[in-house]
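One structure is given below, encoded as structure tokens.
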Ligand code: BG6
Ligand code: MG
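Numbering (full-length UniProt numbering), first residue to last: 8 to 218.
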């Protein structure tokens, strides 16, 4: 029996994947590194540091330079997310959250981002969630199951009583490793491992996934 629904944030509730892309792109241009929208697909659900490592394509830099680049990227990203409003909720999200709330499910956000709270605050959806787990909550990030297991523990439910809604391959992997039910949002090649897959969040049929 499903008792809780755990949402990824970036790319599920709002399209911050685009803002992450724009920030990395700006940094890459300054550093003379090529970086395309397609390359950005690999960064979904991946931590800031791992994203930088992928961007550098295996090139290693001194630690202080790595730090400097991560700080810069985050500054660019924060400039963009400052302008987020409730208009930036992905179509279908508000209706889905309202329905789940009405049906009595516990709701949580589990995001790898250290900016998750700002984004949620700007979207004005914080009150809908019993828990916000973010990039500060656990040490090992997705695809490790830790963040989702932490969320289940805080919500006082068992992993098998949770559904995770994710747009990233690493996120689906993490949720499956946690022993949770999974809903993938996006193309087959990205989230095909999920129990259910939809192109868009507004396509979700609640009766199918909450059984
Ligand atoms: C994830 C995003 O939610 O958070 C990744 O999908 C991002 O693209 C990661 O790198 C970390 O985010 P932040 O805001 O802490 O740099
Ligand atoms: Mg995501």
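Ideal Cβ placement from N, Cα and C applies to all residues, glycine included.
Note that the structure is predicted; figures quoted are calculated from it, not measured.
Consult DSSP for residue 165 and reduce its assignment to one of helix, strand or coil.
-> Here the question's residue 165 lines up with position 158 in the chain shown. Looking at residue 165 - three-state DSSP - the assignment turns out to be coil, as it is neither helix nor strand.
Between the stretch 79-96 and the stretch 169-177, do three or more beta carbon pairs fall short of 8 angstroms?
-> no
From what residue to what residue does the alpha helix (DSSP H) around residue 217 run?
-> Here residue 217 refers to the residue found at position 210 of the chain shown. Element bounds for residue 217: n/a, residue is neither H nor E.
Compute every distance between the C-beta of residue 18 and the non-hydrogen atoms of ligand 2, then say whether any falls below 7 angstroms.
-> In the chain shown, the residue the question calls residue 18 occupies position 11. Yes, the Cβ of residue 18 comes within 7 angstroms of a heavy atom of ligand 2.
Near residue 55, which residues of its chain fall below 6 angstroms by C-beta distance, leaving aside the five closest residues on each side in sequence?
-> As a position in the chain shown, residue 55 is number 48, starting the count at 1. Taken in chain order, the residues that qualify are 77.
Given residue 177, which residues of its chain have a CB within under 7 angstroms of its CB, disregarding the five upstream and five downstream residues?
-> Sequence index remark: in the chain shown, residue 177 carries index 170 (1-based). Closer than 7 angstroms at Cβ, skipping near neighbours: 52, 53, 149 and 150.
Note the first and the last residue of the continuous alpha helix (DSSP H) segment covering residue 205.
-> As a first step, residue 205 must be located in the chain shown, where it is residue number 198. Here residue 205 belongs to no alpha helix (DSSP H); instead the beta strand (DSSP E) covers 203-205.
Look up residue 174 in the DSSP assignment and say whether it is helix, strand or coil.
-> Taking the chain shown and counting its residues from 1, the one referred to as residue 174 is at position 167. The answer is coil: DSSP assigns residue 174 none of H, G, I, E or B.
From which residue to which residue does the alpha helix (DSSP H) around residue 130 run?
-> For this step, residue 130 is matched to residue 123 along the chain shown. Residue 130 -> alpha helix (DSSP H) spans 123-130.
Can we say the stretch 128-136 touches the stretch 91-108, given the rule of at least three CB pairs closer than 8 angstroms?
-> yes
If you draw a straight line from the C-alpha of residue 18 to the C-alpha of residue 24, how long is it?
-> Along the chain shown, read from residue 1 onward, the residue named residue 18 stands at position 11. Along the chain shown, read from residue 1 onward, the residue named residue 24 stands at position 17. One C-alpha to the other measures close to 5 angstroms.
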